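Numbering-wise (the numbering used here), the sequence shown opens with residue 408 and increments by one.
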Amino acid sequence: MLRDWNLELENRVAWIRSIIGKTEMKLGMGIVYGNSGGKDCTLAAILCRKATENILGVIMPCQSSRNFGSDRDDALLVAEKYDIPTIQVDLSDVKSVFTQTLDPIFAAMNLASDAVQKGKMNMNPRLRMTTLYTIAQARGALVCGTGNRSERAMGYFTKWGDGACDFNPIADLTVTEIFEFLRFLDAPISIIEKAPSAGLFEGQTDEDEMGIRYAEIDEFLLHGTGTPEKTARVQRVMEMTAHKRKLPPMYGEE
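Encoded structure:
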């Protein structure tokens with residue numbers, strides 16, 4: 408089923424304005440978002456910019472050369488094209504200090520190196536989340552989420568990292584639909600054509616790390632179809648990562 412992107416644009420901008428309206432008495436009704444130069448944050452930013460002028464993009468490179476290269480170039484391109492004030496916060500030194508603080512503790516625990524690396528993998532998104540919320544609170548603003556439906560279904564986001572936000576205007580859209588919406592909005596072609604990557608490590612791409620293509624995930628999510636192997640994989644991962652899409656269980660609550 409094809410979406411009416413004109414209507415989607417109108418409805419989502421109105422929804423963002425309603426979110427701002429509910430909080431403007433307590434906050435400064437502004438929006439802060441992480442600008443990685445990727446497809447999702449670009450779409451979220453365009454929608455937010457159409458809803459309000461009080462928006463700030465934050466570029467947060469963290470050691471990866473891609474963060475300082477093509478990602479930042481695309482982030483600045485979006486900021487310029489859509490007139491979004493943008494700042495850069497380099498988190499490389501922060502991560503280095505954090506890592507140096509933890510390494511002796513890991514060594515004392517006698518943990519295997521692969522377990523330590525796995526533990527460190529999600530540091531970048533959590534450092535970025537901390538940065539965004541610190542800036543947002545200082546400005547009296549809300550943090551806009553930038554995760555899409557395909558990533559959420561697969562649990563391909565960091566719990567309390569890029570999964571943390573105050574609102575998310577694109578959470579129901581698959582990657583396939585994200586690209587369609589971006590084309591409708593005439594977003595920069597460099598962002599539409601580059602391979603999606605969380606920038607967790609050098610050379611990383613989403614599809615390589617998940618071992619499945621977004622098109623295959625979206626085929627199941629949108630139509631309930633796909634090869635038995637791919638369908639089973641998506642269902643299995645969705646079940647395994649369900650905890651990431653829920654608030655933690657609290658004693659005394661159902």
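Don't be surprised by glycine CBs; every beta carbon is placed ideally from N, CA and C. Everything numeric in this text was worked out from a predicted model, so none of it was measured.
*Does the beta-carbon distance from proline 595 to tyrosine 621 come in below 9 Å?*
no
*Please go through the same chain and pick out, in chain order, the residues whose beta-carbon is closer than 6 Å to the beta-carbon of methionine 645, but skip the five residues on each side of it.*
Ala560
*Sort His650, Pro655 and Val439 by Cα distance to isoleucine 494 and report the nearest one.*
Val439
*Per DSSP, cysteine 551 forms a beta bridge with which residues?*
Phe574
*asked:* Among the candidates Leu580, Leu534 and Ser597, whose CA atom is the shortest distance from the CA of glycine 568?
replied: Leu534
*Cα-Cα separation between glycine 633 and tyrosine 540, rounded to whole angstroms*: 39 Å
*asked:* By the three-class DSSP mapping on this structure, what secondary structure does threonine 493 have?
replied: Strand.
*Apart from the five residues just before and just after arginine 546, which ones in its own chain have a Cβ nearer than 8 Å to its Cβ?*
Correct list, in chain order: Gly435, Gly437, Val439 and Leu463.
*What first and last residue would you give for the alpha helix (DSSP H) that runs through isoleucine 596?*
Residues 596 to 600.
*asked:* Between Ser477, Met467 and Thr459, which has its C-alpha nearest glutamate 600's C-alpha?
replied: Looking only at Ser477, Met467 and Thr459, the smallest Cα-Cα distance to glutamate 600 is reached by Ser477.
*Mind checking whether threonine 648 and glycine 554 have CB atoms under 9 Å apart?*
no
*Which term fits methionine 657, buried or exposed, when burial requires 16 or more other beta carbons within 10 angstroms of its beta carbon?*
exposed
*Bounding residues of the beta strand (DSSP E) (the contiguous stretch that carries tyrosine 440)*: Here the beta strand (DSSP E) through tyrosine 440 covers 437 to 441.
*Where does serine 425 sit, in a helix, a strand or coil, going by DSSP?*
helix
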